[in-house]
Amino acid sequence: MKDNRSVIVGIFILFGLVILITTIFTLGGQKKAFVKSFALRAIFNDVSGLAIGANVLFSGVKIGTVKKIEFYGDSQVRVIMSIENDAESHIHKNALAKIGSDGLIGNKIVVIYGGDKTQPQVVKNDLLKVENGMSTDDMLVTLQQNNKNLVDITSSFKSISKKIDAGNGILGKLVNDPALGVKLTSTIDNLQATVDNFKTASLSGKVVMGDFERLSGNFKNPTNSINRIANDSVAYNKIVGTVTQLQNAASSLNKFTANLKTVSDRLNRKDSPLGLMLNDSATANSLKGMINNLQASSSKLNDDLEAVQHNFLLKGFFKKRAKEQEKEKEKEQEKSKGNIVQ
Amino acid sequence: MESTSKNSDITAKKKYLISKGIDGFFEDIYDLYQFILRFFKEAFSAPVEWKEIVNQCYQVGYKTLLLVSVTGFITGTVFTKQSRPSLSAFGAASWLPSLVSIAIIKTMAPLITALIAAGKVGSNMGAELGSMKVTEQIDAMEVSATNPFKFLVVSRILAITFMMPVLVLYTGLVGMMGAYLNVHSNELTSFTSFFISAFKSIEFKDIFSSLFKALCYGFTIGVAGCYQGYYAQNGTQGVGRAANLAVVFSMFLIFVEELLIVQVLNSFR
Numbered sequence: 605m606k607d608n609r610s611v612i613v614g615i616f617i618l619f620g621l622v623i624l625i626t627t628i629f630t631l632g633g634q635k636k637a638f639v640k641s642f643a644l645r646a647i648f649n650d651v652s653g654l655a656i657g658a659n660v661l662f663s664g665v666k667i668g669t670v671k672k673i674e675f676y677g678d679s680q681v682r683v684i685m686s687i688e689n690d691a692e693s694h695i696h697k698n699a700l701a702k703i704g705s706d707g708l709i710g711n712k713i714v715v716i717y718g719g720d721k722t723q724p725q726v727v728k729n730d731l732l733k734v735e736n737g738m739s740t741d742d743m744l745v746t747l748q749q750n751n752k753n754l755v756d757i758t759s760s761f762k763s764i765s766k767k768i769d770a771g772n773g774i775l776g777k778l779v780n781d782p783a784l785g786v787k788l789t790s791t792i793d794n795l796q797a798t799v800d801n802f803k804t805a806s807l808s809g810k811v812v813m814g815d816f817e818r819l820s821g822n823f824k825n826p827t828n829s830i831n832r833i834a835n836d837s838v839a840y841n842k843i844v845g846t847v848t849q850l851q852n853a854a855s856s857l858n859k860f861t862a863n864l865k866t867v868s869d870r871l872n873r874k875d876s877p878l879g880l881m882l883n884d885s886a887t888a889n890s891l892k893g894m895i896n897n898l899q900a901s902s903s904k905l906n907d908d909l910e911a912v913q914h915n916f917l918l919k920g921f922f923k924k925r926a927k928e929q930e931k932e933k934e935k936e937q938e939k940s941k942g943n944i945v946q
Numbered sequence: 013m014e015s016t017s018k019n020s021d022i023t024a025k026k027k028y029l030i031s032k033g034i035d036g037f038f039e040d041i042y043d044l045y046q047f048i049l050r051f052f053k054e055a056f057s058a059p060v061e062w063k064e065i066v067n068q069c070y071q072v073g074y075k076t077l078l079l080v081s082v083t084g085f086i087t088g089t090v091f092t093k094q095s096r097p098s099l100s101a102f103g104a105a106s107w108l109p110s111l112v113s114i115a116i117i118k119t120m121a122p123l124i125t126a127l128i129a130a131g132k133v134g135s136n137m138g139a140e141l142g143s144m145k146v147t148e149q150i151d152a153m154e155v156s157a158t159n160p161f162k163f164l165v166v167s168r169i170l171a172i173t174f175m176m177p178v179l180v181l182y183t184g185l186v187g188m189m190g191a192y193l194n195v196h197s198n199e200l201t202s203f204t205s206f207f208i209s210a211f212k213s214i215e216f217k218d219i220f221s222s223l224f225k226a227l228c229y230g231f232t233i234g235v236a237g238c239y240q241g242y243y244a245q246n247g248t249q250g251v252g253r254a255a256n257l258a259v260v261f262s263m264f265l266i267f268v269e270e271l272l273i274v275q276v277l278n279s280f281r
């Protein structure tokens with residue numbers, strides 16, 4: 605047993621070394637300590653407590669660590685980052701770097717973002733452009749400003765509430781005057797009624813819209829006449845022709861109306877025979893007298909013609925014609941009777 | 013016995029610089045200094061007692077493994093369990109692996125291993141060497157042309173010094189496994205996720221500083237135990253006193269070293 609002690613101690617130490625080596629490689633793999641890397645630089649105005657060894661993220665993936673932090677110029681800070689070679693193809697020269705935070709209160713990290721394929725990939729020792737984001741101090745300053753604004757707002761509200769409580773202003777009267785409250789209630793009732801009316805009108809409008817919808821649906825129906833007119837080119841041409849003809853007719857009617865107007869104008873004037881007849885009373889009287897004379901003359905002429913019929917020279921002629929007329933009447937009566945029998 | 017009575021006669025006649033107690037304290041410091049110097053002289057001079065070193069490694073390392081493993085496992089589990097409510101109050105229970113790994117790897121693994129080793133190994137060294145001293149076995153070795161300091165002291169100090177880092181690695185691993193089991197049983201965190209999160213907050217310098225601490229603690233335990241045993245006096249009572257002082261000094265010096273090493277290492281961060 606005592607001879608085996610050296611073996612046991614050897615195994616014991618070996619297992620210890622295995623634990624150490626596994627730990628080192630696990631840690632190295634996580635810290636990217638054993639991967640090939642290249643350097644990138646960025647110059648910040650303020651690194652907000654960034655420390656050497658802090659992570660560098662690109663699209664949320666750890667691609668390296670901060671290797672060196674040094675002052676640059678008067679007050680700027682140059683950060684040199686160790687970036688693994690695998691990430692080189694994804695970072696372009698127009699990518700930006702900013703100081704971020706690992707969680708709300710976590711360690712400071714460098715975040716590389718942006719960049720597109722229009723620019724070439726970064727190479728060793730390239731200087732990235734920097735976005736100086738808002739630091740925690742900046743946020744606190746903003747928060748402080750917000751607090752001041754909040755104090756101002758609450759002060760204003762305090763003043764307003766005092767005025768309201770004292771009954772000043774519309775709100776004060778509204779709160780403190782019961783009569784105004786009653787009026788307001790009445791107004792609200794009226795408003796409610798108006799709203800109800802609007803509601804009714806809205807429902808009617810809805811019905812109208814339904815009608816319109818049905819009408820448009822009918823229009824869409826191919827058997828509908830309007831749809832056919834809209835879609836049938838022959839019928840459309842006929843309608844166009846009809847409308848043209850109507851236009852021509854209207855034009856002719858216009859001309860006829862103009863002529864009629866001219867005629868009526870002339871009739872109103874006394875320089876034409878009809879106008880004279882229509883507008884001159886003396887002429888009308890003369891015409892009246894003339895007509896009277898004509899009546900008297902025609903009466904006398906009737907008497908003369910009656911006398912001629914009884915003249916012996918013409919008496920035979922009139923008797924003969926009377927007999928022929930009677931014969932023709934008898935023939936017609938016989939014909940009408942025969943048709944009834946048949 | 014005769015030499016002891018002579019020493020007591022000399023002490024009785026001696027005039028103290030300040031007082032007996034204070035002068036004795038400074039004398040102990042000087043003796044310890046001489047003891048350490050002698051250790052380095054003997055350690056780097058031939059011949060090397062390999063067989064005895066391996067034997068002591070077996071005693072110090074392998075025989076202590078079970079004790080430190082159980083202690084480490086319990087520490088990892090209990091620390092995780094106790095830390096959970098505080099982190100959960102901030103909604104940061106996911107940070108538990110990071111917190112536990114920092115605590116175990118940076119501080120608890122080396123410290124707990126050292127305290128356990130001080131209790132087990134340091135007292136053992138003090139008692140063993142003390143009994144050899146009071147029974148004059150050491151004097152007998154000198155007579156038989158064997159260098160008792162090299163054989164007994166150097167081998168023990170080297171063994172505990174080099175076994176302590178190995179024990180710390182075991183304790184750290186077992187402690188982290190205990191923490192993982194606790195986290196897994198409560199948060200259902202996977203093994204991979206736990207260790208990725210745990211190593212997120214750990215750096216190489218943390219591992220090496222823990223190993224450096226372990227070396228220092230091992231050397232301290234070895235020196236304190238061997239010194240108390242090698243210079244044990246007054247028979248069996250002296251043996252008990254040597255074992256007791258070995259543990260007390262070891263533990264006291266471990267805490268002092270912890271403070272100093274942390275201060276020094278933090279200055280390099």
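So the sequence lines, in the order shown, correspond to chains A and X.
Last residue of the first sequence? That's 946 in the numbering used here, and every number before it is there in order.
Last residue of the second sequence? That's 281 in the numbering used here, and every number before it is there in order.
Glycine included, each C-beta is placed from N, C-alpha and C at the ideal position.
Next on the checklist: Across the segment 150-160 of chain X and the segment 257-274 of chain X, are there enough close Cβ pairs to call them in contact, namely three or more that are closer than 8 Å?
Outcome noted: When C-beta atoms of the segment 150-160 of chain X are compared with those of the segment 257-274 of chain X, fewer than three pairs fall below 8 Å, so the two segments do not count as touching.
Next on the checklist: Run through the DSSP bridge pairs and tell me what residue 717/A is partnered with.
Outcome noted: Looking at the DSSP output, residue 717/A sits in a beta bridge with 700/A.
Next on the checklist: Please report the straight-line C-alpha distance between residue 48/X and residue 227/X, rounded to a whole angstrom.
Outcome noted: So the alpha carbons of these two residues sit roughly 15 Å apart.
Next on the checklist: Could you check whether residue 119/X and residue 80/X sit closer than 7 Å to each other, using their CB atoms as the reference points?
Outcome noted: With respect to the 7 Å criterion, residue 80/X and residue 119/X are not classified as neighbours on the basis of their beta carbons.
Checklist entry - Quick one: complete alpha helix (DSSP H) runs, 4+ long, within the segment 780-805 of chain A? => result Counting only runs of 4 or more, we get nothing.
Item to check | Proximal residues to residue 831/A (C-beta, below 7 Å), its chain only, five neighbours per side dropped | outcome: Closer than 7 Å at the Cβ level, and outside the excluded window around residue 831/A, lie 823, 824 and 825.
Item to check | Continuous alpha helix (DSSP H) stretch holding residue 149/X: start and end | outcome: Residues 149-155.
Item to check | Opening and closing residue of the beta strand (DSSP E) in which residue 660/A lies | outcome: 659-662 is the extent of the beta strand (DSSP E) around residue 660/A.
Checklist entry - Beta-carbon separation of residue 871/A and residue 878/A under 7 Å? => result Yes. Within cutoff.
Next on the checklist: Since residue 113/X and residue 214/X should fall inside the 8 Å C-beta cutoff, what is the C-beta to C-beta distance between them, to a whole number of angstroms?
Outcome noted: Contact flag correct, Cβ pair sits at about 6 Å.
Item to check | Identified DSSP bridge partners for residue 645/A | outcome: Residue 645/A is bridged to 684/A and 731/A.
Next on the checklist: Which residues does DSSP list as the beta-bridge partners of residue 676/A?
Outcome noted: Per DSSP, the beta bridge partners of residue 676/A are 680/A.
Checklist entry - Comparing the C-beta of residue 18/X with each C-beta of chain A, is any distance below 7 Å? => result Low local confidence applies: a pLDDT of 48 at residue 18/X is under 50, so the model's placement there is unreliable, with the coordinate-based value given in what follows. No - not a single Cβ of chain A is within 7 Å of the one on residue 18/X.
Checklist entry - In chain X, which residues lie with their C-beta within 8 Å of the C-beta of residue 631/A? => result Close partners of residue 631/A in chain X (Cβ separation under 8 Å): 211, 214, 215, 216 and 219.
Checklist entry - Does the distance from the C-beta atom of residue 609/A to that of residue 182/X stay below 7 Å? => result Contact annotation: residue 609/A and residue 182/X have beta-carbon atoms that are not nearer than 7 Å.
Checklist entry - Buried or exposed: residue 168/X, going by 16 or more other Cβ atoms within 10 Å of its Cβ? => result Buried.
Next on the checklist: By the three-class DSSP mapping on this structure, what secondary structure does residue 705/A have?
Outcome noted: DSSP, read as helix, strand or coil, puts residue 705/A in strand.
Item to check | CB contact check: residue 624/A to chain X, cutoff 7 Å | outcome: With 7 Å as the cut-off, residue 624/A counts as an interface residue toward chain X.
Checklist entry - Residues in the segment 44-75 of chain X with C-beta within 7 Å of chain A's C-beta atoms, listed in sequence order? => result Listed by position, the residues of the segment 44-75 of chain X near chain A (Cβ gap below 7 Å) are 66, 67, 69, 70, 73 and 74.
Item to check | As assigned by DSSP and simplified to three states, the class of residue 667/A | outcome: Residue 667/A: strand per DSSP, three-state reduction.
Checklist entry - For the 8 Å Cβ check, are there 3 or more pairs between the segment 747-766 of chain A and the segment 725-737 of chain A? => result No, the segment 747-766 of chain A is not in contact with the segment 725-737 of chain A.
Checklist entry - Between the Cα of residue 270/X and the Cα atoms of 222/X, 239/X and 166/X, which residue gives the shortest distance? => result Comparing Cα-Cα distances from residue 270/X to each of 222/X, 239/X and 166/X, the minimum goes to 222/X.
Item to check | Helix, strand or coil at residue 636/A according to DSSP, with G and I counted as helix | outcome: The three-state reading of DSSP puts residue 636/A in coil, since its state is none of H, G, I, E or B.
Item to check | Environment of residue 88/X [buried if 16+ CB atoms lie within 10 Å] | outcome: With 16 or more Cβ atoms within 10 Å of its Cβ, residue 88/X is classed as buried.
Item to check | Burial state of residue 76/X, where buried means 16 or more other Cβ atoms lie within 10 Å | outcome: Residue 76/X is classed as buried because its beta carbon has at least 16 other beta carbons within 10 Å across all chains shown.
Next on the checklist: Using a Cβ-Cβ cutoff of less than 7 Å, which residues in the same chain neighbour residue 251/X once the five nearest sequence positions on both sides are dropped?
Outcome noted: So the list reads 139, 142, 143, 146 and 244, once near-sequence residues are dropped.
Item to check | Partner residues on chain A for residue 178/X, Cβ-Cβ distance less than 7 Å | outcome: Within 7 Å Cβ-Cβ: 616, 617 and 620.
Next on the checklist: On the CB-based measure, 16 or more other CB atoms within 10 Å of its CB, does residue 615/A come out buried or exposed?
Outcome noted: With fewer than 16 Cβ atoms within 10 Å of its Cβ, residue 615/A is classed as exposed.
Next on the checklist: For residue 62/X, report the span of its alpha helix (DSSP H) as first-last.
Outcome noted: Counting along the chain, residue 62/X sits inside the alpha helix (DSSP H) bounded by residues 62-69.
Checklist entry - Listing by chain order, which chain X residues have their CB less than 8 Å from the CB of residue 628/A? => result Ordered by position in chain X, the residues that pass the 8 Å Cβ test against residue 628/A are 216 and 219.
Item to check | Below-7 Å beta-carbon distance, residue 277/X vs any chain A residue | outcome: With a threshold of 7 Å between beta carbons, residue 277/X makes no contact with chain A.
Next on the checklist: Within 7 Å of any Cβ in chain A, is that where the Cβ of residue 185/X sits?
Outcome noted: Taking Cβ atoms only, chain A reaches closer than 7 Å to residue 185/X, which makes this a yes.
Checklist entry - Along chain X, which residues have their Cβ under 7 Å away from the Cβ of residue 613/A? => result Those are 66, 69, 70, 73 and 74, listed as they occur along chain X.
Next on the checklist: Using only CA atoms, which one of 931/A, 811/A, 719/A and 804/A lies nearest to residue 694/A?
Outcome noted: For residue 694/A, the nearest C-alpha among the options comes from 719/A.
Next on the checklist: According to DSSP, simplified to helix, strand and coil, what is residue 937/A?
Outcome noted: Looking at residue 937/A - three-state DSSP - the assignment turns out to be helix.
Next on the checklist: Strictly below 8 Å CB to CB, what residues from chain X border residue 820/A?
Outcome noted: Within 8 Å Cβ-Cβ: nothing; residue 820/A doesn't reach chain X, min ~60 Å.
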